[in-house]
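Take 25 as the starting number for the sequence shown in this note's numbering and just add one per residue.
Read the structure below first, then the notes.
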Amino acid sequence: MLWVKSFHIVFVASWFAGLFYLPRIFVNLAMVPPQSVAERERLLLMARKLMRFTTILAVPALVLGLWLWLGYGIGRGPGNGWLHAKLLVVILALGYHHACGAMLRSFVRGDSRHSHVWYRWFNEVPVLLLLLAVILVVVKPF
Ligand code: HEM
């Protein structure tokens with residue numbers, strides 16, 4: 025079980041590294057002057073590769089978490105509200121991941137609507153999600 029939990033934490037950290045860095049690229053893309061085509065293409069290439077990588081890393085992070093929950097039975101049964109709240113955080117993280125994909129597609133089409141300031145605030149969301157998930161699973165407050 026400890027091996028599964030170790031790799032769960034490693035893949036969760038890797039998945040979130042991608043969720044932290046992707047919006048950073050969006051901040052830069054939103055600041056690129058229209059005539060800087062080479063810079064825009066370079067940032068788009070980075071974002072596409074990172075999006076693909078982040079999606080691949082999310083799979084083992086989630087599968088190993090499900091294995092801990094459904095396989096080893098951790099968090100099953102009454103008195104484990106922490107896991108239900110954590111699963112809500114996971115669903116929000118998946119929604120955030122999906123939103124990053126939609127934003128990347130809008131940058132590729134050239135019709136992104138948000139300013140670089142908006143993306144800076146958007147970039148803070150995974151920090152809150154990670155904080156919530158770690159407190160819920162380590163402290164188990166309810
Ligand atoms: C389908 C999604 C997930 C499920 C079902 C899940 C389930 C679990 C379970 C059952 C444990 C073991 C808890 C224990 O031994 O006390 C665990 C550990 C952990 N999970 Fe997840 N998890 C999921 C996703 C995530 C995500 C998205 C994060 C972070 C953002 C995360 C962070 C952690 C951490 C840090 C631990 C280690 C806690 C410890 O050792 O005390 N998990 N997870």
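Note that CB positions come from ideal geometry on N, CA and C, so glycine has one too.
Alpha-carbon spacing of residue i relative to residue j, whole angstroms
i, j, result
"V141", "P150", "16 Å"
"L154", "G134", "31 Å"
"G125", "P165", "33 Å"
"Y96", "L118", "23 Å"
"I159", "R72", "31 Å"
"G99", "R64", "46 Å"
"V113", "F40", "13 Å"
"R76", "F146", "20 Å"
"Q59", "L74", "24 Å"
"S136", "V34", "33 Å"
"L102", "V61", "It is Pro, not Leu, that sits at residue 102 in the sequence shown. Distance between the alpha carbons of P102 and V61: 57 Å."
Span of the alpha helix (DSSP H) around residue i
i, result
"M25", "Note, M25: premise wrong, no alpha helix (DSSP H); not H, not E."
"E63", "V61 to L90"
"Y96", "Unbroken run through Y96: none, as it is neither H nor E."
"A102", "Note that residue 102 corresponds to Pro in the displayed sequence, not to Ala. Looking at the DSSP string, P102 is not in any alpha helix (DSSP H), and its letter there is neither H nor E."
"R144", "H140 to F146"
"P150", "V149 to V163"
Beta-carbon separation (whole angstroms), residue i vs residue j, contact threshold 8 Å
i, j, result
"L46", "T78", "7 Å"
"H32", "L92", "6 Å"
"Y120", "L43", "6 Å"
"I49", "L69", "Actually they do not touch by this definition, with Cβ atoms about 10 Å apart."
"V36", "K110", "That belief does not hold up - the Cβ atoms of V36 and K110 are roughly 11 Å apart, past 8 Å."
"L88", "V163", "That belief does not hold up - the Cβ atoms of L88 and V163 are roughly 21 Å apart, past 8 Å."
Across the segment 53-63 and the segment 106-116, are there enough close Cβ pairs to call them in contact, namely three or more that are closer than 8 Å? no
If you pair each beta-carbon of the segment 82-90 with each one of the segment 127-142, do three or more pairs fall below 8 Å? no
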